Amino acid sequence: MLKNNVEYSSVSRTPTELALKRKLSPKLKDLLVIAGFIAPALLIYGIFVVYSIGMTFYYSLFNWSGINNSFEFIGIQNYLNLLKDGVFWEAFGNNSLLVASSLFTQLPLGLIMALLLFSPLKGMRFFRSIYFMPFLMSTVAIGILFTFMYDGNFGIVNQILKAVGLGSLQQGWLGNENTAIWAVIATICWQFAPFYMILFRAAIVGIPEELYEAAMIDGANAKQRFLKLTLPLLMPTIVTSSILSIIGSLKYFDLIYVMTGGGPNNSTELMATYMYEETFTNFNMGYGSSISFAMFLIALVITVIIVTSEQKRKGAN
Amino acid sequence: MTKILNKRMLCIFILILSLLAGCQPGAPTTKTSSNASSSNAKTLTIWHVETGAGEQSIKNAAKRFEDKHPGVTVKVVRQENDPYKTKLSVAMGGGNPPDVFHSWGGGWLKNFVDAGQVLDITNEVDKDNYLEAAISPATYEQKVYGVPIGMDIVPVWYNKEIFKKYGIEEPKTYDELLAIVKKLKANNIIPFALANKSKWPGSFYMMYLAERIGGKDLFNEAYERTGKGFDDDAYVQAATKIQELVKMGAFPDGVNGLNYDTGQSRQLLYSNKAAMEIQGSWIIGNIRNEMPEFEKKLGFFLFPAVEGGKGSAKDVVGGVSPVFSVAEKSANKELAVELVQELGSKETAEEMANTNGGISAVKGVQYEDEYVKKINTVLESAEYMQTYYDQTLPTEVASEHLDTTQGIFGLSITPEDAVKKVEEKAKEVIK
Chain A
1381 MLKNNVEYSS VSRTPTELAL KRKLSPKLKD LLVIAGFIAP ALLIYGIFVV
1431 YSIGMTFYYS LFNWSGINNS FEFIGIQNYL NLLKDGVFWE AFGNNSLLVA
1481 SSLFTQLPLG LIMALLLFSP LKGMRFFRSI YFMPFLMSTV AIGILFTFMY
1531 DGNFGIVNQI LKAVGLGSLQ QGWLGNENTA IWAVIATICW QFAPFYMILF
1581 RAAIVGIPEE LYEAAMIDGA NAKQRFLKLT LPLLMPTIVT SSILSIIGSL
1631 KYFDLIYVMT GGGPNNSTEL MATYMYEETF TNFNMGYGSS ISFAMFLIAL
1681 VITVIIVTSE QKRKGAN
Chain B
-18 MTKILNKRML CIFILILSLL AGCQPGAPTT KTSSNASSSN AKTLTIWHVE
32 TGAGEQSIKN AAKRFEDKHP GVTVKVVRQE NDPYKTKLSV AMGGGNPPDV
82 FHSWGGGWLK NFVDAGQVLD ITNEVDKDNY LEAAISPATY EQKVYGVPIG
132 MDIVPVWYNK EIFKKYGIEE PKTYDELLAI VKKLKANNII PFALANKSKW
182 PGSFYMMYLA ERIGGKDLFN EAYERTGKGF DDDAYVQAAT KIQELVKMGA
232 FPDGVNGLNY DTGQSRQLLY SNKAAMEIQG SWIIGNIRNE MPEFEKKLGF
282 FLFPAVEGGK GSAKDVVGGV SPVFSVAEKS ANKELAVELV QELGSKETAE
332 EMANTNGGIS AVKGVQYEDE YVKKINTVLE SAEYMQTYYD QTLPTEVASE
382 HLDTTQGIFG LSITPEDAVK KVEEKAKEVI K
């Protein structure tokens, strides 16, 4: 496109332009124009992503509190400590749990809700807004709302359990080490399923109607139409959603911070909340940075695996 | 055509330039603007965590300061208690701290003092104006780094109506307290309201039991590394007693998930579902703010003596709050020091004590409030004040203490393991 433009503009040349043309070879000129367009985004990306990642790694090589000027270079000692740190592995386990539950709850739930929105019922617009509501709410508001809902004495969750005769299951959901992580994960799924619903809905709308008509003429029933048509055509969206969901879950922070702060007794600690605690509460900027960088490495490896396997799949097709 | 090309180039050029301008580090620009405005209008920023009446006292002090210094504006910013600690360290680390900031003295403030972030105000403050116990947490190596305004003690608050209804008297011994717990439990009332998500409320139980069992020297020896340690038998016993209470059902369900800041423990008191709460005297301020009519039901006693223990039932757990310090990086240090002096004046301390339920850190204050008078009597008759562990200890040991104590309440760690972990951390950090 760019090249065409340049050639087009060179149809009628003014003397100055000719002079410019003579000095710069067309390739170099193209390069300059391209660079000019890329530069703004590249600069922002470079400063806020590449540079930050570099600095995080740099800080992780020091024993530094974050508030003073005494840097002590300790090499990879922070990383060695990290490998031996039980809390970090517990946090990593919780992150994996969150990844799994996001993949196997949020995505299917989002898909089901998206399909439901296509059913010919009255008031679907209304339901579409309702379904999307959780994603529009502020995370802190959701966190506080659910904290009250899970409250052992006044919470609606326990009241409902009592009302349906499951009173024996009543407990303080967020305060119990065995239930806290599930209570938070349920909230996270509630918040994010609508996001995938919107993605899937958009993708389904994009599937040409003719394909369904053709399938119906061939005598395909609803189940066949879904399995042989909708699902395969949704595959790219499903892959994208999975990547979003996995990366999002690996660096998740907000609701945990609001609802449990990583407690009780680190039972809901995620890598990001642990990093935050070490960096800002315990004044270990160096160690916190090593946790951040480890998170980056883990996310990078997983993304590379997904992307390459996706490319292989495409190649096989 | 040249024009078009030039326009295009110009556009790109402007885009890049504006981007570069936008990427300029913020510090120099803010500096020039503050320099430019310093000739006529100066702004001081103060960060505090007081709510309700306490916040008003600080605003009034700021107002008095503004009246004395025409052209100076004081920006009073309230921060939420628990996130405040991280927020300040981010601001300090980022080189953009508030001019005047809140702390509780002790180990936490010392982090910033050691990092050279706090102004030494020894010569600007008359130590004799303040209670010894109040100014010492902000004094390191004979240098004063902060001005205290108030002090709090931590008694056991209780609902007088509930106690009367079941014929319960204030307990004199720990066994009597256990009997009360059983009686309340039998009547379907939660004995202790507690919200332990942020970990410090549970720490009160640990501090009191350890002090009552091991005596007042226990903590100081462990802290100064001059004898007993944090793995002393008294700590094991204290932790065991907490777990006994947990198993008796003395606390609400899911106690480690409830949040004091959002009122989840106080709700239990207000709705008569719980009878007692061990909490700082700032709870009076909370109650007046949230449910003033509950105040007439409120009574308090000090944590009772444990049979055979070395501590006295007159000793209290307490601490200093707020302490105000000046940031070393403040652009208007002299003004900030004067603001701190205004905050630490008798006027502010008196107002705060009488409206917010704390003791004044400034000497010679007249108490009007009924609770404050009583609390003051308790503090005066106390032989020893145990300052909060989490404010006194270095941050890492404090975190370990809070984490393990939360684990003790959650029954997920044994008393022996818990105290061992704190001792290990103390060995590593305190030298």
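So the sequences go chain by chain: A and B.
If you count by this note's numbering, then the first sequence holds residues 1381 to 1697, one letter each, in order.
If you count by this note's numbering, then the second sequence holds residues -18 to 412, one letter each, in order.
For each residue, glycine too, the CB sits at the ideal point set by N, CA and C.
Just so we're clear, the structure is a prediction, and the values are computed from it rather than from any experiment.
- Here B/Val55 has Leu25, Ile27, Ala43, Phe46, Glu47, Leu320 as same chain residues with Cβ atoms under 7 Å from its own Cβ, once five neighbours each way along the sequence are excluded.
- For B/Ser380, the neighbours in chain A by C-beta distance under 9 Å run, in chain order, Glu1657, Thr1661, Asn1662.
- Distance from the CA of B/Asp95 to the CA of B/Ala191, rounded to the nearest whole angstrom, comes to 30 Å.
- Considered as a whole, the region 231 to 298 of chain B harbours 247 to 251, 264 to 271 as its complete alpha helix (DSSP H) runs of no fewer than 4 residues, in chain order.
- The alpha-carbon separation between A/Lys1542 and B/Ile268 amounts to approximately 31 Å.
- In this chain, the alpha helix (DSSP H) harbouring A/Pro1612 covers 1611 to 1630.
- In the same chain as B/Gly88, and ignoring 5 residues on each side of it, the C-beta atoms closer than 7 Å to its own belong to Gln372, Thr373, Leu374, Pro375, Thr376, Ala379, in chain order.
- At the C-beta level, A/Gln1551 and B/Gly76 stay beyond 8 Å of one another.
- Within the region 230 to 243 of chain B, those residues whose Cβ lies closer than 8 Å to any Cβ of chain A are, in chain order, Pro233, Asp234, Gly235, Val236, Asn237, Gly238, Leu239, Asn240, Thr243.
- As DSSP reads the structure, B/Arg59 sits in a beta bridge with B/His29.
- In this structure A/Gly1490 is not in contact with A/Met1615, their Cβ atoms being roughly 15 Å apart against a cut-off of 8 Å.
- Interface annotation for the region 88 to 105 of chain B against chain A: Asn92, Phe93, Asp95, Ala96, Gly97, Gln98, criterion Cβ-Cβ distance under 8 Å.
- Of the candidates A/Glu1593, A/Phe1575, A/Val1681, the residue whose Cα lies closest to the Cα of A/Gln1486 is A/Phe1575.
- Cβ neighbours of B/Asn177 within its own chain (closer than 7 Å, five residues either side excluded): Gly183, Val236, Asn237, Leu239, Gln387, Phe390.
- Cβ proximity to chain A below 9 Å picks out Gln248, Leu249, Ser252, Lys254, Ala255 from the region 248 to 260 of chain B.
- Chain-ordered, the chain A residues with CB closer than 7 Å to the CB of B/Glu377 read Asn1662.
- Residue-level contact by beta carbon fails for A/Ala1543 and chain B, as no gap is shorter than 8 Å.
- B/Gln245 belongs to the set of residues whose beta carbon lies under 8 Å from a beta carbon in chain A.
- A/Pro1488 is outside the set of residues whose beta carbon lies under 8 Å from a beta carbon in chain B.
- C-alpha of B/Ala399 to C-alpha of A/Leu1477: approximately 27 Å in a straight line.
- Note on the region 1422 to 1450 of chain A: whole alpha helix (DSSP H) runs with a minimum of 4 residues are 1431 to 1439, in chain order.
- Beta-carbon to beta-carbon, B/Gly261 and B/Val135 are separated by about 5 Å, close enough to satisfy the 8 Å threshold.
- Taken through DSSP and simplified to helix, strand or coil, B/Tyr139 comes out as strand.
- When DSSP states are grouped into helix, strand and coil, B/Val71 belongs to the helix group.
- Under the Cβ distance rule, A/Asn1533 counts among the residues neighbouring chain B, one pair being separated by less than 8 Å.
- Identification of chain B residues near A/Pro1644 by a Cβ-Cβ cut-off of 7 Å yields Asn237, Gly238, Gln387, Gly391, ordered along the chain.
- Collapsing the DSSP output to three states places B/Gly300 in a strand.
- Distance from the Cα of A/Thr1436 is smallest, within the candidate group A/Lys1692, A/Lys1694, A/Gly1668, for A/Gly1668.
- DSSP lists B/His83, B/Val128 as the bridge partner or partners of B/Phe305.
- Contact residues of the region 298 to 312 of chain B toward chain A are absent (C-beta to C-beta distance below 8 Å).
- With contact defined as three or more Cβ pairs closer than 8 Å, the region 241 to 252 of chain B and the region 204 to 218 of chain B are not in contact.
- For A/Gly1666, no Cβ of chain B is located within less than 8 Å of the residue's own Cβ.
- In this structure, the alpha-carbon of B/Ala312 lies about 10 Å from that of B/Pro79.
- Only those residues of the region 48 to 71 of chain B whose C-beta falls short of 7 Å from the nearest C-beta of chain A are listed: Lys66, Thr67, Ser70, Val71.
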